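**Q**
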Amino acid sequence: MKKLLFLLFITLSSSLFAQKPALVSIQTNAQCGDCKDRIETALNQTKGVVYAELNMETKVVEVKYKVSKTDPARLQKVVTSIGYDADGFKANQAAQKALPLCCQPGGH
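Quick note on numbering that gives the first Met the number 0: the sequence shown kicks off at 0 and runs consecutively.
1) Could you round the C-beta distance between A94 and G82 to whole angstroms and report it? I think they count as a contact, below 8 Å.
2) Quick check: E39 and L53, are their CB atoms within less than 8 Å of each other?
3) Pull up the distance between the alpha-carbon of S80 and that of K96, whole angstroms please.
4) Going by the beta-carbon positions, is the gap between V48 and Q18 smaller than 8 Å?
5) Kindly identify the DSSP beta-bridge partner or partners of Y50.
6) From the DSSP output, read off the bridge partner residues of T27.
7) Expressed to the nearest angstrom, what Euclidean distance is found between the alpha-carbon atoms of K35 and K68?
8) Tell me whether Y64 is buried or exposed, calling it buried when 16 or more other Cβ atoms sit within 10 Å of its Cβ.
And the structure:
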């Protein structure tokens with residue numbers, strides 16, 4: 000019986016750890032390198048994020064994340080909470096006004 004429980008535990012544990020991270024692309028309104036650094040840092044410090052990288056040409060940030068730890072809606076909220084639009088969601092106005100002038104809409 001102990002062997003059966005042990006094998007069951009090992010099987011379940013390995014399947015939990017073997018989950019592949021998911022990838023989501025989020026359209027932003029980033030304008031410069033400072034925006035890129037700010038967005039990537041905030042997302043990379045978010046629980047469950049494996050990595051985040053913003054392409055400045057397309058203004059799309061690709062985020063690889065652990066499905067068991069976070070989800071796309073939460074990641075979008077991180078972006079909006081620091082002052083940037085995320086897909087169809089508008090930036091937090093107070094956070095946007097706190098950004099350097101060059102990072103605010105129309106700043107470049």
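The C-beta atom is built at its ideal place from N, Cα and C for all residues, glycine as well.
Only a predicted model underlies this, so the values are computations on that prediction, with no experimental measurement involved.
**A** This is what the structure gives:
1) Contact between A94 and G82 holds, with the beta-carbon distance rounding to 4 Å and staying under 8 Å.
2) In this structure, L53 lies closer than 8 Å to E39 by Cβ.
3) Going by the C-alpha atoms only, they are around 12 Å apart.
4) Contact: no.
5) According to the DSSP secondary-structure assignment, Y50 is paired through a beta bridge with K63.
6) Its beta-bridge partners are A85.
7) Rounded to whole angstroms, K35 to K68 spans 23 Å at the Cα level.
8) Flag for Y64 reads buried.
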